[in-house]
Structure formats: structure tokens, C-alpha cells
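Here the structure is laid out as C-alpha cells; the discussion comes afterwards.
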Amino acid sequence: MKIIAIGRNYAEHAKELNNPVPTTPVIFMKPDTALLKDNKPFYHPDFSEDIHHEIELVLKICKEGKHINEKFAADYYDEIGLGIDFTARDVQSRHKEKGLPWELAKGFDGSAPISNFLPKAQFENLYNLNLKLDVNGQTRQNGNTKDLLFSFEKIIAFVSQYITLKKGDLIFTGTPEGVSAVKPGDHLQGYLQGQKLLDFQVK
Ligand code: MG
Numbered sequence: 000m001k002i003i004a005i006g007r008n009y010a011e012h013a014k015e016l017n018n019p020v021p022t023t024p025v026i027f028m029k030p031d032t033a034l035l036k037d038n039k040p041f042y043h044p045d046f047s048e049d050i051h052h053e054i055e056l057v058l059k060i061c062k063e064g065k066h067i068n069e070k071f072a073a074d075y076y077d078e079i080g081l082g083i084d085f086t087a088r089d090v091q092s093r094h095k096e097k098g099l100p101w102e103l104a105k106g107f108d109g110s111a112p113i114s115n116f117l118p119k120a121q122f123e124n125l126y127n128l129n130l131k132l133d134v135n136g137q138t139r140q141n142g143n144t145k146d147l148l149f150s151f152e153k154i155i156a157f158v159s160q161y162i163t164l165k166k167g168d169l170i171f172t173g174t175p176e177g178v179s180a181v182k183p184g185d186h187l188q189g190y191l192q193g194q195k196l197l198d199f200q201v202k
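So the sequence shown is residues 0 to 202, counted in numbering that gives the first Met the number 0.
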């Protein structure tokens, strides 16, 4: 399986990092070794002084497809969950300055904690979902999928022009504003529509 992630998919988050609001989706990938499941602790790597949390809605792909038409893209994901796109912001900034790829800032071990997945059919409107992240009981991010720049269907149509999607692939759909650094000892709790799906420690 592979993990595809979308950068700058909420305008307010693009602005908080002084990035332009994109006109086509910004795509990057994480290896499967980035996955962290079952609310296991995240071990803060020592190569970064500035690991940021980015809470994101994650789609699980349910069948293979390429060149998927946006009209049919909704048939290609059947479950959703929450994930954290952990980002070594200091490493990313250095690479951005030089125009280099982001993999080391985005794809390191444990950089993709994911929750259990829920059938999308149990949600009334996928474009009015609240995602919230608390750190040590304080809310740091509180966003809503109504503010997405590129819909889930647009993302699937766009990505599948280049990369075949397969059953079990995950798509991180971007983070709302409020990203900030985590440190060892922090307790992260992520909520989808008020339901706690993520609950783990930083060590
Ligand atoms: Mg992200």
C-alpha cells in the first residue's frame, strides 16, 4: 500500500505558513514504514527540533483505478478516518529553500499515525465534518471539511491521472490551520465529529 498526502488544501493553513494558495493539488508521499496504528506512542526523532502536528481526514481506497473521472471518484473510497501528518518543519524549510523534495521532512518512521476507519456511509455529509486536535487537553486545531480547497473526488481524479490507486491505499487530505510543535510528554487526542479516534503520547 502507499500513502499519498495533499499539501495546502485549506487556505488558512497555506497562509499561516506563508505559502501561496495552490491552484492544483500539491502532492507528496510517505512510505508504509511511516504508519503508526492502534494509538501507539510516537517517538520524537532527534534530527528535528520542530516536529509539527497536522490533523487530517484520511480516505481509504477500496478498489483499483487509474484516470478516474471525478464523477465516479466517490466509488473509490468507502471508509474515512483521522491521521496526523507529522512534519519536521525545520527540515522541510531547509529543503524548500533549496527547491528540494520533502521526503525526509514528511516520510520518516512514525510520521503517519492513523485511527481506525469508519464507513463513510455513516456520515450524513462528508463536506461538513469537524476535525479537532487537542494537545494536553488544549485545542490546537479545529477545522471543517467544508473549507477544503480540493474535494476528495477532485483529489482522486487528479492523483489517478499519474498514479494508479489500489485497494488499501490511504490519502491524507490536508490539514486546517493551527499546526504547532509537539514535544516528548505531549498527549494528542483527535476527534472526528466529536468522536475520539486518536489518543496517543509523544515520547
Ligand atoms: Mg499535511
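Built from N, CA and C at the ideal position, the CB exists for glycine as well.
Tell whether a beta-carbon distance below 8 Å holds between residue i and residue j.
i, j, result
"Leu-34", "Ile-162", "no"
"Phe-149", "Pro-24", "yes"
"Lys-29", "Glu-78", "no"
"Ile-140", "Gly-177", "Residue 140 is actually Gln in this sequence, not Ile. The answer is yes: Cβ separation under 8 Å."
"Leu-147", "Asn-8", "yes"
"Glu-123", "Ala-72", "no"
"Leu-196", "Leu-187", "no"
"Glu-48", "Ile-83", "no"
From what residue to what residue does the alpha helix (DSSP H) around residue i run?
i, result
"Gln-91", "88 to 96"
"Ala-104", "102 to 105"
So, with DSSP's three-state summary, where would you put residue i?
i, result
"Gln-160", "coil"
"His-12", "helix"
"Thr-23", "coil"
"Tyr-75", "helix"
"Thr-172", "coil"
"Phe-151", "helix"
"Gln-137", "strand"
"Lys-165", "coil"
"Lys-119", "helix"
"Lys-182", "coil"
"Lys-65", "coil"
Using CA coordinates, which residue listed in the options is at the minimum distance from residue i?
i, options, result
"Leu-130", "Ile-60, Gly-80, Ala-111 and Ser-179", "Gly-80"
"His-12", "Gln-137, Asn-115 and Thr-144", "Thr-144"
"His-51", "Val-20, Ala-111 and Ala-156", "Ala-111"
"Asn-68", "Phe-157, Ala-87 and Lys-97", "Phe-157"
"Phe-85", "Lys-95, Val-20, Leu-103 and Lys-70", "Leu-103"
"Asn-135", "Val-201, Ile-2, Thr-32 and Tyr-126", "Val-201"
"Ser-159", "Thr-22, Val-20, Glu-55 and Ile-60", "Ile-60"
Taking residue i as part of the beta strand (DSSP E), name the residues at either end of that continuous run.
i, result
"Lys-39", "First-last for Lys-39: undefined, no H or E at that position."
"Ala-4", "2 to 6"
"Gln-188", "186 to 191"
"Glu-69", "From DSSP, Glu-69 is part of no beta strand (DSSP E); its letter is neither H nor E."
"Phe-199", "194 to 200"
Take the Cβ of residue i as the centre, count every other Cβ of all protein chains shown within 10 Å, and call the residue buried at 16 or more, exposed below.
i, result
"Asp-108", "exposed"
"Phe-41", "buried"
"Gly-184", "exposed"
"Asp-168", "buried"
"Asp-74", "exposed"
"Gly-98", "exposed"
"Asn-38", "buried"
"His-43", "buried"
"Asp-31", "exposed"
"Gly-193", "exposed"
"Tyr-190", "buried"
"Gln-91", "buried"
"Asp-45", "exposed"
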